[in-house]
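All remarks here apply to the structure that follows.
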Amino acid sequence: MSLREQWNAARVQRQQEILVRQQQVLEQRYETQIKLEEFSAKRVEMAVQVSELLQDFYANLKADVAAFQEETRSQQEQVWTAEKQHRSAYVSNLQAYVWGTTPTPIKPRPKPGAVSLNPPKR
1 MSLREQWNAA RVQRQQEILV RQQQVLEQRY ETQIKLEEFS AKRVEMAVQV
51 SELLQDFYAN LKADVAAFQE ETRSQQEQVW TAEKQHRSAY VSNLQAYVWG
101 TTPTPIKPRP KPGAVSLNPP KR
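Heads up: the sequence shown is residues 1 to 122, going by full-length UniProt numbering.
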C-alpha cells in the first residue's frame with residue numbers, strides 16, 4: 001500500500017470518527033433538551049407548591065402572632081389590674097398610718113318607746 005493510499009484510508013477513518021462523534025453530540029443534545037424541558041415543567045410545578053406552602057406558613061404565622069399578642073395583652077391587663085389594686089391598698093395603708101383612720105360614724109339607735117319623726121311608709 002502506498003503512502004497516498006494510507007493517508008486516504010486514515011482520512012476516511014477520521015471522517016467516519018467525526019461523523020460518529022457528531023451523531024453522539026446530537027443525541028446528547030437531544031437528551032439534554034428533553035431533560036431541560038422536564039426540569040422546566042417541574043420547576044413551574046414546584047414554584048406553585050412552594051408559593052402555596054409559603055402562603056400557608058404566612059397565614060399560620062400571622063395567626064400565631066395575633067394569638068400571642070392577644071395572650072400577652074390579656075396577661076398585661078391582669079398584671080396591671082393586680083398592681084393597681086396593690087398600689088391602691090399600699091396608698092390606703094400609708095394614709096391610714098400617716099393620718100390615722102377616722103372612726104366610722106355610728107347611727108344613734110332609737111330609744112325604746114320613742115316616737116320616730118319619720119313614720120314608716122306603707
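Each residue gets a CB set at the ideal place from its N, CA and C atoms; glycine is no exception.
Does the beta-carbon distance from residue i to residue j come in below 9 angstroms?
i, j, result
"Ala9", "Met1", "yes"
Counting along the chain, where does the alpha helix (DSSP H) carrying residue i start and finish?
i, result
"Ser2", "Unbroken run through Ser2: none, as it is neither H nor E."
Please return the same chain residues whose Cβ sits closer than 6 angstroms to the Cβ of residue i, not counting the five positions on each side in sequence.
i, result
"Glu77", "none"
"Arg4", "none"
Return the chain-ordered list of same chain residues with a C-beta closer than 7 angstroms to the C-beta of residue i, the five sequence neighbours on each side being excluded.
i, result
"Glu27", "none"
"Trp7", "none"
"Asp56", "none"
Tell me the start and end of each unbroken beta strand (DSSP E) in the segment 19-58 that is at least 3 residues and wholly inside, in chain order.
none
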